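Remarks on the structure that follows.
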Amino acid sequence: MKDNQTQIIKKITDILSRYSRFLLVVHQFPDGDTLASSLALFIALRSLKKEVVIVCCDDIPAPFLFLPQVSKIKKDFLQGDWDAVLILDCGDLRRTGFSQRLTNFARHKRKLINIDHHPKNDLHKVANINLFDDKRAAVAELVYEIINGLGVEIKKEIATCLLTAIFTDTGGFMHSNTSPATLELAALLLRRGARLRAITQNITGSKSLSALKLWGKTLERLAYNKKYNLVYSVILNDDLRECNATKSDVAGVINLINTVPDARLVILFFQHSEHEIKVSIRTEAQGVNLSRLAGIFGGGGHKKAAGFCVNGKIFCKKEKYTIETV
Ligand SMILES: [Mn+2]
């Protein structure tokens, strides 16, 4: 680990040890890393008798409802007298859903802490302390070091959270971000009682009927663009209602589409609100940097998995889909 990083971790653990009131912010459309890393830190801080609130502006997707302490996550928070606010796994302030309040906090209290591993992280412009390392498979790897620095013993609950975060961000240890250090940490967490079977069952082994119907629709619409060697599909707003599905049921279908061999790029357009389309992109191709591509459209992510939003509407005519942006 870099010296500089050791110092920043020390700075963060000093703040967490010295003060007592903390807010943990989970990003919108929460994934396993932001949720479970935040929960791990939440549990660690609670064990030190700290006052901690954990917040996420969106609903928690069903596959993560098995996580320990997940019911403690609040939908909103009061302005509150926080000693520090920590944002985990979030490259962009807007993704918190609370940009204005957090900007104000950073200006006045000067203890907004940004812990992230996305190659493009804009949050550092606002945050006062930045722990950032894009070599980490998951933010959980950084959180593990913070919890260690706090001197909190890692038991079953924390271990399960950290392993969930690592498991989801590495696609079940299948993505190229899985390093020897990632697997060593996973092994350590297993020894500390992490519930691997609960993780795999909940995350990869269970899909609701509604989610499968929605995936069916999405797969049926798959199209191939020969010129750019890309595979894409669309999900309309009405689809959710017709399948009785929720927004979080969309998660994961893009990874299934991304199994098409040799496709240079895979895109999923999801009309997630009346005027906004969420665009998810994936690749397995060498030399393609999706973090940069998403950045052009004001989004972000990782080299092989990224996303962004555009204002617009998807139209369907005779099974042809067009997008009108505004
Ligand atoms: Mn992550």
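Numbering-wise, my numbering puts 67 at position 66 of the sequence shown, and it's gapless, one number per residue. Where is the CB? At the ideal position from N, CA and C, for every residue including glycine. Fair warning: this is a prediction, and the values are worked out from it, not measured in the lab.
For V56, the pairing in a beta bridge is given by DSSP as V26, K75. Per DSSP, reduced to three states, the secondary structure at R265 is coil, with no helix or strand assignment. Leaving aside the five residues that flank N259 on each side, the residues in its chain whose CB is nearer than 7 angstroms to its CB run, in chain order, V267, R283, E285.
Around the beta carbon of Y225, fewer than 16 other beta carbons sit within 10 angstroms, so the residue counts as exposed.
For H28, the shortest C-beta to heavy atom distance toward ligand 1 is 7 angstroms or greater. Here T169 is near D32, since their CB atoms are less than 8 angstroms apart. Placement of the Cβ of V140 at a distance of less than 7 angstroms from at least one heavy atom of ligand 1 is found. When distances are taken from the beta-carbon of H118 to the heavy atoms of ligand 1, the shortest one is below 7 angstroms. Sequence-distant partners of K51 (beyond 5 residues in either direction) whose C-beta falls short of 7 angstroms from its own C-beta, in its chain, are S21, F23. Counting only residues of its own chain and dropping the five nearest sequence neighbours on each side, W216 has a CB closer than 6 angstroms to the CB of V254.
Judged by the Cβ position, D170 qualifies as a neighbour of ligand 1 at the 7 angstroms threshold, a heavy atom of the ligand being closer than this.
Here the distance from the Cβ of D4 to the nearest heavy atom of ligand 1 is not below 7 angstroms.
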